[in-house]
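Trainee: Chain order of the listed sequences is A and B. So for the first sequence, the working numbering puts the first residue at 48; every next one is plus one. So for the second sequence, the working numbering puts the first residue at 1018; every next one is plus one.
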Amino acid sequence: GAVVSQHPSWVICKSGTSVKIECRSLDFQATTMFWYRQFPKQSLMLMATSNEGSKATYEQGVEKDKFLINHASLTLSTLTVTSAHPEDSSFYICSARGATGRSSQGYTFGSGTRLTVV
Amino acid sequence: AQSVTQLDSQVPVFEEAPVELRCNYSSSVSVYLFWYVQYPNQGLQLLLKYLSGSTLVKGINGFEAEFNKSQTSFHLRKPSVHISDTAEYFCAVSNTNAGKSTFGDGTTLTVKP
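1. So if I threshold CB-CB distances at 9 angstroms, which residues from the region 84-97 of chain A count as touching chain B?
2. So who's on the other strand from residue 1104 of chain B, going by DSSP bridges?
3. Ignoring anything shorter than 3 residues, give me the beta strand (DSSP E) runs that lie fully in the region 53-99 of chain A, in order along the chain.
4. Would you tell me roughly how many angstroms separate the C-alpha atoms of residue 92 of chain A and residue 153 of chain A, rounded to the nearest one?
5. Is the CB-CB distance between residue 1095 of chain B and residue 1084 of chain B below 8 angstroms?
6. Answer yes or no: do residue 96 of chain A and residue 1117 of chain B have a C-beta to C-beta separation smaller than 8 angstroms?
7. Tell me whether residue 1057 of chain B sits in a helix, a strand or coil according to DSSP, three-state version.
8. Going by DSSP, what residue range makes up the beta strand (DSSP E) through residue 164 of chain A?
9. Would residue 86 of chain A be called buried (16 or more neighbouring beta carbons within 10 Å of its own) or exposed?
10. In the region 1057-1086 of chain B, which residues sit with their C-beta less than 8 angstroms from some C-beta in chain E, listed in chain order?
11. Evaluate residue 1120 of chain B with the Cβ neighbour count: other Cβ atoms within 10 Å of its Cβ, from every protein chain shown; 16 or more gives buried, anything less gives exposed.
12. Does residue 137 of chain A get closer than 8 angstroms to chain B when you measure Cβ to Cβ?
13. Could you name the residues of chain A that residue 1118 of chain B contacts, counting a contact when the two beta carbons are closer than 7 angstroms?
14. Just the C-alpha distance for residue 1056 of chain B and residue 99 of chain A, rounded to the nearest angstrom, thanks.
15. What residues in the region 1036-1054 of chain B have a beta carbon less than 7 angstroms from any beta carbon of chain A?
16. Are the C-beta atoms of residue 1031 of chain B and some chain A residue less than 8 angstroms apart?
17. Kindly indicate the opening and closing residues of the beta strand (DSSP E) around residue 143 of chain A.
18. Can you give me the start and stop residues for the beta strand (DSSP E) that residue 1027 of chain B sits inside?
19. Three Cβ pairs or more, each shorter than 8 angstroms: is that satisfied between the region 1018-1027 of chain B and the region 1066-1080 of chain B?
20. Give me the chain A residues within the contact set of residue 1122 of chain B, using Cβ-Cβ distance strictly less than 8 angstroms, ordered along the chain.
21. Tell me whether the beta-carbon of residue 51 of chain A lies closer than 8 angstroms to the beta-carbon of residue 159 of chain A.
22. For the candidate residues A:53, A:58 and A:54, whose alpha-carbon lies nearest to that of residue 164 of chain A?
Take a look at the structure:
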C-alpha cells in the first residue's frame, strides 16, 4: 500500500533556529501533499497544501514566511520552521493523497514530527 | 463549507464490550467520509471510508461504520473491543472534488481490562 515517510520523528532546537521536516511518498507519486499541525489532545489543523512544482497554498492565519514549504519533486515535500520559538512546539504531520491521487483514496499520513523549541 | 462534529470527546469501555463512536457532518455538496485512528506520537491510519454504494462499510481491525444520509451521520462501531484499540479516532469529510479533508476534534477511546 501507499507509504509516506516523515523525518525526523522528533527534534529539539534552540529558539531562533530553523528546522526542516521532510515528507516522502515511498511507493507512489504525490502531486499534492498536506501539512498539519496538532496540539496535544486536539485535532489536526491544516496549515498548507503543497503542490509539486508550484507555490504552496496556505490556510488563513498561517504565516507563509515562517512556515516555508517546498515541493521539489513528486515524492518529496519539506516544511521549514524558520526562527522557531517555543510557541511553535507542536506535532507536525504530513499527508498525501492515495496512490491514484484521487480524494476518494483518503490520505496516507506520515508518522509525524514532534518539535520542541527550547 | 463542510464541518465535522464528533459527539463524544472520550469513550471509556471495558474489554470485549461493543463500542460506538459518533460522527455527524454537514456539507452543501457530496462528500466522502473517513475514519482514522491515531496511536500516541504517530500519524493517522485509515480505518475505513465511505464513497458511495452500500451504506455499511467495513474496515480494518474489525471496525465498521454506517452512513446515514438523512441524519448526516457516519458512526463507527466495533462489536467487541480489545485493549489494543485504545487510541484517538478521527472522523473526516472530504469534498469529492477539492479533496481537502476536514477533521473532527477526535474521540479518545480507552479500553479497560
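Note that the Cβ used here is the ideal one computed from N, Cα and C, for glycine as well.
Mentor: So, from the listed chains and residues:
1. 85, 88, 89, 90, 91, 92, 93 and 96
2. Beta-bridge pairing links residue 1104 of chain B to B:1126.
3. 57-60, 66-72, 79-85 and 91-98
4. 17 angstroms
5. no
6. yes
7. coil
8. 160-164 is the extent of the beta strand (DSSP E) around residue 164 of chain A.
9. exposed
10. Given the protein chain composition of this structure (A and B), no chain E is represented.
11. buried
12. So no, residue 137 of chain A is outside the interface.
13. 154
14. 29 angstroms
15. 1049 and 1051
16. no
17. Run containing residue 143 of chain A: 137-144, per the beta strand (DSSP E) assignment.
18. 1027-1031
19. Below 8 angstroms, too few C-beta pairs join the region 1018-1027 of chain B and the region 1066-1080 of chain B to call them touching: fewer than three.
20. Taking the beta carbon of residue 1122 of chain B as reference, the chain A residues within 8 angstroms of it are 89 and 90, listed in sequence order.
21. Cβ atoms of residue 51 of chain A and residue 159 of chain A: not closer than 8 angstroms.
22. A:58
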